[in-house]
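Written below as C-alpha cells is the structure these notes are about.
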Amino acid sequence: MRLIIDTDTAGDDVFSLMLALRRPGVTVEAITIAHGNVGFAQHAENALATLEACERGGEVPVYLGAQRPFTRAPLDAAYVFGADGMSDSRFPRAAQRPSPGHAADEIVRRVMEAPGQITLIAQAALTNIALAYLREPRIAQAVKHLWIMGGTDNGVGNVTPAAEYNFYVDPEAAKIVINAGFPTSIVTWTETLRDGLLSLEQLAALEALGTPRAAFFTQVNRTSLAFARETQGLDGSLHPDALTCAAALNEALILDSEMAVVDVETIGELTRGYLSVSHAILPDIEVADPALKRRPPNARVIKKIDQAGFYAAMRDALL
Ligand SMILES: [Ca+2]
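So for the sequence shown, this note's numbering puts the first residue at 205; every next one is plus one.
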C-alpha cells in the first residue's frame, strides 16, 4: 500500500503516522503539512520528530502546504494538545528538515505519476487536498482512495454543535473536496465517539509495553487524555486520526458503512462546517421537494469500526 498522509501533526495525528510508518507492507511516500491544531511550523517539527521516534528519520519527505484556510482566519486547538501539540514535551529538533516543494504540488505530482496506486489520508482541514485538486482535477480519478477524518454523521460536533474541527476551520476546502469526485471514505467525529476511544485500561497496557515508542505515545497523549477526562468526562482518550488510519490500513476493521450523499455547509449562521449526510429515514429528496435534484451517493460513511482491532493495531505499532 502506497500512502500520502496530509496532517496538522499534533496529538492524535502523531499516532496515525506511527500506525502507517510501523505497518508492514505500507509505504508512506510523503507527509504533507497543513495548518490546524497548533502553529504551522510546529506541525512539521512534530511530523519530523515522529519519523525519528519510528526510526525513519530521513526516509520520508515532509512537505509544507497551506498555512491558512481559504477564507477564514486560522484557528488552532492548542487547548487540546498543548502549545507544541505534543503535550508540551519540547522534543529536540529532528535532524531531518522539510523538503523543498509545496504539499499540493507534491500530491499532484506523485498521484499523477502513479495513477490508481496512491491512497491519500486527509487528517487535517482539507485545504491542501482542495489546492491539489484545483491545480490538477484529474487527481480525483487518479488516487486509489481518499480517506477523510472529518465532519459528523448526524451527530454533535467538537467545535460547535454542528461542526467537527477539520471541517469547521476550512469548510470551503471541505466542500470542494467532497464534491470533486474522489473515491472517498469518511471517518466522522460521530464514529470517533463510538469507536475511537482508547480506554484507561488500554492506555495503561500500551504504556506497560515499555518500548521507546510506547513511552513516546504516552508522553504525547498526556494533554489530550487530560482534556478528554476533565472536559469531556471520558474514561480514556479519543483518536480520530489514528482510527481513520487503522481503517484505511486494514479495511477488515470496518464493521459497518454506508454510501451516502454528503455535502458541506459553508454559510450557515450556526452550522458553518456542518457535514450533511443523507439517511435512510429521509424521503427521496425530489419527493420531499420537487425543486431539489436527486444526487448519487458520493462518499462511504464509516458507521462502525472494530475497536479491539484498532487497539491491537496501535499496540503493534508501539512494539
Ligand atoms: Ca489532525
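Where is the CB? At the ideal position from N, CA and C, for every residue including glycine.
CA-to-CA distance, Val363 to Arg426, given in whole angstroms: 21 angstroms
message: Count Cβ pairs between the segment 394 to 409 and the segment 283 to 298 that sit closer than 8 angstroms; are there 3 or more?
response: no
- prompt: Are Arg504 and Glu462 closer than 9 angstroms when you measure CB to CB?
  reply: yes
field: Residue burial classification, Arg498 (beta-carbon count within 10 angstroms, cutoff 16)
entry: exposed
- request: Kindly examine ligand 1 and report whether one of its heavy atoms sits closer than 8 angstroms to the Cβ of Thr211.
  value: yes
query: In terms of DSSP beta bridges, what is Val232 paired with?
result: Leu207
query: CB Ala334 to CB Asp374, shorter than 9 angstroms?
result: yes
- prompt: Is Met290 near ligand 1, in the sense that its beta carbon is under 8 angstroms from a heavy atom of that ligand?
  reply: no
- prompt: Is any heavy atom of ligand 1 found at a distance shorter than 8 angstroms from the C-beta of Gln327?
  reply: yes
task: May I have the straight-line CA-CA distance separating Tyr283 from Ala248, to the nearest angstrom?
output: 19 angstroms
message: Helix, strand or coil, according to DSSP, for Ile485 in the structure here?
response: coil
- prompt: If you run the structure through DSSP and keep just helix, strand and coil, what is Val312?
  reply: helix
- request: Return the chain-ordered ranges of every alpha helix (DSSP H) run that is complete within the segment 232 to 316 and spans a minimum of 4 residues.
  value: 244 to 257, 282 to 285
message: Count Cβ pairs between the segment 211 to 222 and the segment 435 to 448 that sit closer than 8 angstroms; are there 3 or more?
response: yes
message: Please classify Glu310 as buried or exposed, where buried requires at least 16 neighbouring CB atoms within 10 angstroms.
response: buried
message: Using a Cβ-based criterion (distance less than 8 angstroms to any ligand heavy atom), does Ala214 qualify as near ligand 1?
response: yes
message: Closer than 8 angstroms to a non-hydrogen atom of ligand 1 - does that hold for the CB of Met353?
response: yes
- prompt: Who are the near neighbours of Asp399 in its chain, counting only those whose CB is closer than 6 angstroms to its CB and skipping five residues on each side?
  reply: Ile509, Gln511
query: CB Leu252 to CB Ala287, shorter than 9 angstroms?
result: no
message: Would Gly385 and Ala344 be called neighbours here (beta carbons separated by less than 9 angstroms)?
response: yes
message: I need the boundaries of the beta strand (DSSP E) containing Ala430, first residue and last residue.
response: From DSSP, Ala430 is part of no beta strand (DSSP E) but of the alpha helix (DSSP H) over 426 to 434.
task: From the DSSP output, in three-state form, read off Ala318 for me.
output: coil
field: Backbone CA spacing between Arg476 and Thr415 [nearest angstrom]
entry: 43 angstroms
field: DSSP bridge partner residues for Leu401 (one or two, in chain order)
entry: Leu442
Asp445 beta carbon near ligand 1 (any heavy atom closer than 8 angstroms): yes
- request: Return the CA-CA distance between Val264 and Ile506, expressed in angstroms with no decimal places.
  value: 29 angstroms
- request: Pull up the distance between the alpha-carbon of Phe420 and that of Ala257, whole angstroms please.
  value: 7 angstroms
message: Between which two residues does the beta strand (DSSP E) holding Glu462 run?
response: 458 to 464
- request: Would you mind giving the Cβ-Cβ distance between Val315 and Met353, rounded to the nearest angstrom? I have them listed as a contact below 8 angstroms.
  value: About 19 angstroms; that fails the 8 angstroms criterion.
- prompt: Alpha carbon to alpha carbon, what distance is there between Leu402 and Arg417?
  reply: 17 angstroms
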